[in-house]
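Residue numbers (our numbering): 3 to 205.
Where is the CB? At the ideal position from N, CA and C, for every residue including glycine.
Let me begin by presenting the structure, written as structure tokens, before commenting on it.
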């Protein structure tokens with residue numbers, strides 16, 4: 003199949019589909035970090051959406067949409083950043099392509115557009131992290147868990163867990179935000195187990 007992986011610079015998903023023999027291309031305004039520039043389209047993805055693809059898997063930026071950033075929603079509504087994020091996300095919701103998947107963390111699009119077809123966790127695919135991730139699917143079946151492991155959380159040097167005032171454990175993903183100028187990019191990289199499941203089950 004000819005597959006577009008939209009808004010992906012890591013090439014995790016692109017590589018997984020390539021390993022299965024598909025003609026997959028990553029696309030992002032950033033150069034790729036996955037080591038295969040020959041598979042990467044460094045440009046605005048919107049003009050590519052009108053081309054013929056057998057499948058499109060999209061990872062639109064979640065910075066202004068995810069519930070994890072709700073404390074800044076009022077400011078982002080006032081200055082238009084949230085609406086820009088919404089408008090960009092919606093570009094992927096009415097494509098001519100028969101097989102489409104849109105990925106985003108839990109956020110406002112579940113209310114503004116529709117509820118996701120499924121919510122997955124990295125620990126369902128061999129990774130101990132907790133990160134609820136929504137998938138909106140068109141012409142594709144929900145992913146089946148491939149390797150369920152016990153979720154783990156951020157630990158202190160003495161082995162105890164970091165917790166909030168209510169005793170809730172902090173995920174390791176939460177701590178990626180600390181002193182990390184590339185936190186948005188690093189937090190958005192698809193886990194290899196999830197990418198492999200996409201390629202094996204959708205490919």
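With distances taken between CB atoms, is the gap from residue i to residue j smaller than 8 Å?
{"i": "residue 145", "j": "residue 123", "result": "no"}
{"i": "residue 49", "j": "residue 9", "result": "no"}
{"i": "residue 7", "j": "residue 27", "result": "yes"}
{"i": "residue 201", "j": "residue 72", "result": "no"}
{"i": "residue 129", "j": "residue 36", "result": "no"}
{"i": "residue 22", "j": "residue 161", "result": "no"}
{"i": "residue 14", "j": "residue 192", "result": "yes"}
{"i": "residue 111", "j": "residue 90", "result": "no"}
Measure from the alpha carbon of residue i to the alpha carbon of each residue in the options, then state which is nearest.
{"i": "residue 54", "options": "109, 197, 98", "result": "98"}
{"i": "residue 155", "options": "163, 149, 129", "result": "163"}
{"i": "residue 65", "options": "45, 108, 41, 43", "result": "108"}
{"i": "residue 25", "options": "4, 78, 115, 126", "result": "4"}
{"i": "residue 44", "options": "38, 67, 79, 29", "result": "29"}
{"i": "residue 100", "options": "132, 46, 111, 51", "result": "51"}
{"i": "residue 282", "options": "147, 110, 33, 151", "result": "For residue 282 there is no data in the structure shown, the boundaries of the chain being 3 and 205."}
{"i": "residue 137", "options": "117, 82, 69", "result": "117"}
From residue i to residue j, what does the alpha carbon distance come to, in whole angstroms?
{"i": "residue 134", "j": "residue 106", "result": "9 Å"}
{"i": "residue 140", "j": "residue 93", "result": "14 Å"}
{"i": "residue 56", "j": "residue 158", "result": "46 Å"}
{"i": "residue 95", "j": "residue 142", "result": "14 Å"}
{"i": "residue 104", "j": "residue 88", "result": "13 Å"}
{"i": "residue 41", "j": "residue 149", "result": "29 Å"}
{"i": "residue 115", "j": "residue 12", "result": "27 Å"}
{"i": "residue 153", "j": "residue 31", "result": "33 Å"}
{"i": "residue 169", "j": "residue 75", "result": "26 Å"}
{"i": "residue 85", "j": "residue 79", "result": "7 Å"}
{"i": "residue 198", "j": "residue 113", "result": "29 Å"}
{"i": "residue 38", "j": "residue 167", "result": "45 Å"}
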